[in-house]
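S.K.:
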Amino acid sequence: MPVLDGADRRAPAPGPDGDGARRPTAVPVLRADDVSIRFGGLQALTDVSVRVEEFEIVGLIGPNGAGKTTIFNCITGFYRPQRGRILFKGEDVSDLPPHERSALGMGRTFQNVGLVKTETVIDNMLTAQHAAVEYGAVAGTLGSPPTFGAERRLRRQGEAILELLGLARLRDDPVAGLPYGTLKRVEIATALATDPDLLLLDEPGSGMGPEEADRLGDELLALRREFDLTIVMIEHHVPLVVRVCDYVYVLNFGQLLTEGLPGEVQRHPEVVAAYLGDEAPEAEEAAERALEERGVEA
2 MPVLDGADRR APAPGPDGDG ARRPTAVPVL RADDVSIRFG GLQALTDVSV RVEEFEIVGL
62 IGPNGAGKTT IFNCITGFYR PQRGRILFKG EDVSDLPPHE RSALGMGRTF QNVGLVKTET
122 VIDNMLTAQH AAVEYGAVAG TLGSPPTFGA ERRLRRQGEA ILELLGLARL RDDPVAGLPY
182 GTLKRVEIAT ALATDPDLLL LDEPGSGMGP EEADRLGDEL LALRREFDLT IVMIEHHVPL
242 VVRVCDYVYV LNFGQLLTEG LPGEVQRHPE VVAAYLGDEA PEAEEAAERA LEERGVEA
């Protein structure tokens with residue numbers, strides 16, 4: 002099945018200031034090359050390739066069971082594909098475990114919220130941050146002066162992230178009992194606390210209504226600008242994808258159905274037939290609004 006030619010059709014990667022200016026990189030931040038993986042008799046992915054440039058927001062969409070979370074698991078090291086490779090900032094990380102990929106600058110959220118429900122919002126963030134602290138386990142246990150300084154720095158950084166995501170008033174609230182949409186924001190904040198270069202979001206808009214998802218879109222654009230982030234997101238809320246993403250991949254039955262600019266993809270007949278359906282008019286409206294916000298004529 003033909004796909005849009007990425008070499009010819011791909012829009013310039015935006016800079017972190019969100020102005021859409023091209024910032025060429027010698028190598029992309031992320032490449033998944035011809036990734037294939039089988040679970041028993043099920044071929045979950047077949048020759049799936051994804052390329053993500055620096056400072057892009059890239060969307061992965063497709064029906065349930067299309068292979069979106071599976072490719073995320075291959076990228077982050079939770080699955081090891083039988084064929085293909087994963088390159089992060091030009092380095093082949095195919096054989097590295099998840100914690101080593103995280104240490105290189107990959108941050109991730111999960112489809113099912115991965116937070117410690119008995120801890121507060123800020124404590125969840127501090128727990129995630131401790132992996133990046135430059136003091137050893139003994140110093141941390143004894144509470145040495147360097148430890149106190151690092152803790153204060155991490156707490157200030159965490160509180161700045163909470164402020165940006167509109168979560169500051171919930172900093173000392175236990176995670177248990179928070180609405181699902183709020184939990185997804187807390188998980189994004191926790192992933193950001195590890196100071197990643199690449200943030201992979203698994204359905205960040207899950208459980209959100211249109212207005213809340215629209216606000217999330219504003220926050221994702223602000224996060225890219227404020228933290229010089231590259232973002233890859235799996236998302237079923239197509240208007241959100243069309244509005245914030247620079248490039249979109251569509252998976253279906255473990256294969257790449259098509260790829261391209263959001264406006265092109267959401268008009269693709271096979272994407273409409275396989276996935277969008279009744280959401281097509283809403284996605285079209287979101288595409289027009291995104292163009293207006295970016296100062297581009299339709």
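Taking this note's numbering, the leading residue of the sequence shown gets 2, the next gets one more, and so forth. Heads up, the beta-carbon is just placed ideally off N, CA and C, and yes, glycines get one too. None of the values given here were measured: they were computed from a predicted structure.
Rounded to whole angstroms, what is the Cα-Cα separation between T77 and V243?
M.R.: Numbered from 1 along the sequence shown, position 76 holds the residue referred to as residue 77. Numbered from 1 along the sequence shown, position 242 holds the residue referred to as residue 243. Rounded to the nearest angstrom, the two C-alpha atoms are 25 angstroms apart.
S.K.: CA-CA distance, D93 and L31?
M.R.: For the purposes of this step, residue 93 is taken as residue 92 along the sequence shown, with counting starting at 1. For the purposes of this step, residue 31 is taken as residue 30 along the sequence shown, with counting starting at 1. Taking the straight line from one Cα to the other gives about 10 angstroms.
S.K.: Within 10 angstroms of its Cβ, does V28 collect 16 or more other Cβ (buried), or is it exposed?
M.R.: Sequence index remark: in the sequence shown, residue 28 carries index 27 (1-based). Label assigned to V28: exposed.
S.K.: Round the Cβ separation of M234 and I58 to the nearest angstrom and send it over; I've been treating them as touching at under 8 angstroms.
M.R.: Numbered from 1 along the sequence shown, position 233 holds the residue referred to as residue 234. Numbered from 1 along the sequence shown, position 57 holds the residue referred to as residue 58. Going by Cβ atoms, the distance from M234 to I58 rounds to 7 angstroms, so yes, they are a contact pair.
S.K.: Determine the direct distance from the alpha carbon of A104 to that of F73, and round the result to whole angstroms.
M.R.: Residue mapping note: residue 73 aligns to position 72 of the sequence shown, counting from 1. Residue mapping note: residue 104 aligns to position 103 of the sequence shown, counting from 1. When rounded, the distance between both Cα atoms is 17 angstroms.
S.K.: Which of helix, strand or coil does DSSP assign to E135?
M.R.: The count along the sequence shown starts at 1 and reaches residue 135 at position 134. Annotation note: pLDDT 49 at E135 (below 50); position unreliable, no value reported.
S.K.: Which two residues bound the contiguous beta strand (DSSP E) that contains F89?
M.R.: Position 88 of the sequence shown, counted from the start, is the residue given in the question as residue 89. That run of the beta strand (DSSP E) goes R84 to F89.
S.K.: Have a look at L224 and A275 and give me their C-alpha separation to the nearest angstrom.
M.R.: Sequence index remark: in the sequence shown, residue 224 carries index 223 (1-based). Sequence index remark: in the sequence shown, residue 275 carries index 274 (1-based). Distance between the alpha carbons of L224 and A275 is about 32 angstroms.
S.K.: In whole angstroms, give me the CA-to-CA distance for A22 and V245.
M.R.: Looking up residue 22 in the sequence shown gives position 21. Looking up residue 245 in the sequence shown gives position 244. Residue placement at A22 cannot be trusted, given a pLDDT of 43 that sits under 50; what the coordinates show is reported in the next sentence. For A22 and V245, the distance between alpha carbons rounds to 15 angstroms.
S.K.: Below 8 angstroms between beta carbons: does that hold for L221 and I232?
M.R.: Residue numbering aside, residue 221 sits at position 220 when the sequence shown is read from its first letter. Residue numbering aside, residue 232 sits at position 231 when the sequence shown is read from its first letter. Yes, they are a contact pair.
S.K.: So what does DSSP say about A194, is it helix, strand or coil?
M.R.: One-based indexing of the sequence shown puts residue 194 at position 193. Correct three-state label for A194: coil.
S.K.: Under the three-state reduction of DSSP, which class applies to Y80: helix, strand or coil?
M.R.: By one-based count along the sequence shown, residue 80 stands at place 79. DSSP places Y80 in coil when its eight states are reduced to three.
S.K.: Could you compute how far the alpha carbon of R39 sits from the alpha carbon of F111?
M.R.: Locating residue 39 in the sequence shown gives position 38, counting from the first residue. Locating residue 111 in the sequence shown gives position 110, counting from the first residue. C-alpha separation (whole angstroms): 21 angstroms.
S.K.: With DSSP as the reference, label P99 as helix, strand or coil.
M.R.: The sequence position of residue 99 within the sequence shown is 98, counting from 1. Helix at P99.
S.K.: Starting from E260, follow the beta strand (DSSP E) in both directions and report where the run begins and ends.
M.R.: As a working mapping, residue 260 is identified with position 259 in the sequence shown. E260 -> beta strand (DSSP E) spans Q256 to G261.
S.K.: Suppose the cutoff is 8 angstroms on Cβ atoms and the five residues either side in sequence are ignored; what does the same chain contact list for G255 look like?
M.R.: Taking the first residue of the sequence shown as position 1, residue 255 is located at position 254. Excluding residues within five positions, the ones whose Cβ falls inside 8 angstroms are Q44, A45, L46, T47, V49, A67, G68 and T71.
S.K.: Give the straight-line distance between the Cα atoms of A194 and D173, rounded to the nearest whole angstrom.
M.R.: Taking the first residue of the sequence shown as 1, we reach residue 194 at position 193. Taking the first residue of the sequence shown as 1, we reach residue 173 at position 172. Whole-angstrom Cα-Cα distance: 16 angstroms.
S.K.: Using the three-state DSSP reduction, which class does N253 fall into: helix, strand or coil?
M.R.: Indexing the sequence shown from 1 puts residue 253 at position 252. Of the three classes helix, strand and coil, the one that applies to N253 here is strand, per DSSP.
S.K.: Using the beta-carbon count (16 or more within 10 Å), is Y181 buried or exposed?
M.R.: Counting from 1 along the sequence shown, the entry for residue 181 is found at position 180. Exposed: under 16 other Cβ atoms inside 10 Å.
S.K.: Quick check on the DSSP output: the alpha helix (DSSP H) that includes M107 runs from which residue to which?
M.R.: For the purposes of this step, residue 107 is taken as residue 106 along the sequence shown, with counting starting at 1. Taken as a continuous stretch (DSSP letters only), M107 belongs to no alpha helix (DSSP H), being part of the beta strand (DSSP E) at M107 to R109.
S.K.: Specify the secondary structure class of L200 as computed by DSSP and reduced to three states.
M.R.: Locating residue 200 in the sequence shown gives position 199, counting from the first residue. Note: L200 maps to strand in three-state DSSP.
S.K.: Buried or exposed: which applies to T119, given that a residue is buried once 16 or more other Cβ atoms fall within 10 Å of its Cβ?
M.R.: Indexing the sequence shown from 1 puts residue 119 at position 118. Under this definition T119 is an exposed residue.
S.K.: By DSSP, does P240 sit in helix, in strand, or in coil?
M.R.: Working through the sequence shown from its first residue, we reach residue 240 at position 239. Helix.
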